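Note sheet for the following structure.
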Amino acid sequence: MKKTPKLTLLIGCPASGKSTYAEWLVKSEPKTFRISRDEIRFSQFQESMDENAEKIITKLVNEQVKTLLSNNWNVVLDNCHVKKDYIKTAIKDYQDLADIQFKLFDVPLEELLERNEKRSRVVPKSVIEGMYKQLENLKTNFDFEPIKKTRRKDLEYAIQDATLPKAIICDLDGTLALMSGRNPFDASKCDEDVLNEPVANVLKNYKNLGYTIILLSGREDKYKEPTLRFLEKYAIEYDHLFMRKSKDSRKDSIIKTELFNEEIKDKFYIEFVLDDRNQVVDMWRKELKLPCFQVYYGDF
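Position one of the sequence shown corresponds to residue 425 (this note's numbering), numbered consecutively onward.
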């Protein structure tokens, strides 16, 4: 019987001994791999804290962890993890791939600062002090108990009223409309977007079958006019267009959840959703439990 892989989350401030422990674990336990954000940052980005670089590092870490766990390797995630949100994200992302355990490095602040001065890459004192406070808070609201691997759930769809009008929900940017180099946050020229013809054909076919076509977009509604020009240009038949309110910069998944609850839920029977962005696809599938077909890569 194949042994369940193990993910070890190291938790502690800089200079607490995490990396030394991780290196020892790799040597002492077979098929164990260490992954460190700091090492990736230092080797590839010269320790840059640039926001875009950090997003790339996050993607690299996630892909490495998932690839290793999927191939039955144990992983030591050598990051600080001093905030509960970081730990919750790791649990959500990897709980269906491995057993998860936590290793806490609880070192007094004075000792951390003393050790830090002897490191080759010294961390600013204020950073360590801030992280130490976060760790102290974490110790009061997280139990550090191991978590067993969970089985992937079978498909589970929301219960809907089958007597309601049947409808399809379709996203615009990256789904029906291909931006072709346009800044996704500036839709003032979205009427110049290219039509994603396979998606348009799906809408056309379902419209001919009598379905209600709902266009649900994360675009700000100040761009409604160029959006309407695009739809008219390509003769897209639709019944409703719902857009983000201008100056609302919250996440797409939050905006679309609210629009769905306000404008669509209990008014239509949703056959399926067409979208592209990972966070939104996950929202449709996991939170609202609606069938969602992802039309393109959406890891952004």
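Backbone N, C-alpha and C define an ideal beta-carbon position, used for all residues, glycine too.
Fair warning: this is a prediction, and the values are worked out from it, not measured in the lab.
{"query": "Report the option in K479, L528, E534 and A477 whose CA atom is closest to the CA atom of V500.", "result": "L528"}
{"query": "Put M603 into one of helix, strand or coil per three-state DSSP.", "result": "coil"}
{"query": "By the three-class DSSP mapping on this structure, what secondary structure does N620 have?", "result": "coil"}
{"query": "Please go through the stretch 486 to 533 and give each complete alpha helix (DSSP H) segment of 4 or more residues, from N-terminal end onward.", "result": "508 to 518"}
{"query": "Could you check the C-alpha separation between K430 and I511 for me, to the nearest Å?", "result": "15 Å"}
{"query": "Taking K455 and N498 to be in contact with their CB atoms under 8 Å, please state how far apart those CB atoms are, rounded to whole angstroms.", "result": "6 Å"}
{"query": "At what residue ranges does the stretch 437 to 473 contain a whole run of the alpha helix (DSSP H), taking only runs of 4 or more?", "result": "442 to 452 and 461 to 469"}
{"query": "Would you mind sorting Y720 into buried or exposed? The rule is 16 or more other CB atoms within 10 Å of its CB.", "result": "exposed"}
{"query": "Below 7 Å CB to CB, which residues in the same chain sit around E409 once its five sequence neighbours on both sides are set aside?", "result": "Past the boundaries of the shown model lies residue 409; the chain is included only from 425 to 724, so the question cannot be answered."}
{"query": "If we ignore side chains and look at the alpha-carbon of each, how far apart do F696 and S550 end up?", "result": "50 Å"}
{"query": "Report yes or no: do the stretch 595 to 605 and the stretch 550 to 569 share at least 3 C-beta pairs separated by less than 8 Å?", "result": "no"}
{"query": "Can you give me the C-alpha to C-alpha distance between R674 and L596, rounded to a whole angstrom?", "result": "18 Å"}
{"query": "So E553 is in the alpha helix (DSSP H); what residue range does that whole segment cover?", "result": "K549 to N565"}
{"query": "Under 8 Å by Cβ, that's how I've got P438 and I552 pegged, so tell me the actual separation to the nearest angstrom.", "result": "6 Å"}
{"query": "Whole angstroms is fine: what's the gap from P622's alpha carbon to L698's?", "result": "11 Å"}
{"query": "Restricting to runs no shorter than 4 residues, where is the alpha helix (DSSP H) found entirely within the stretch 638 to 671?", "result": "648 to 657"}
{"query": "Give a yes or no on whether the C-beta atoms belonging to L665 and L633 are separated by under 7 Å.", "result": "no"}
{"query": "Can you have a look at T636 and say buried or exposed, based on whether 16 or more other CB atoms are within 10 angstroms of its CB?", "result": "buried"}
{"query": "Over the uninterrupted alpha helix (DSSP H) stretch that includes V697, give me the two end residues.", "result": "Counting along the chain, V697 falls outside any alpha helix (DSSP H), though it belongs to the beta strand (DSSP E) covering Y693 to D699."}
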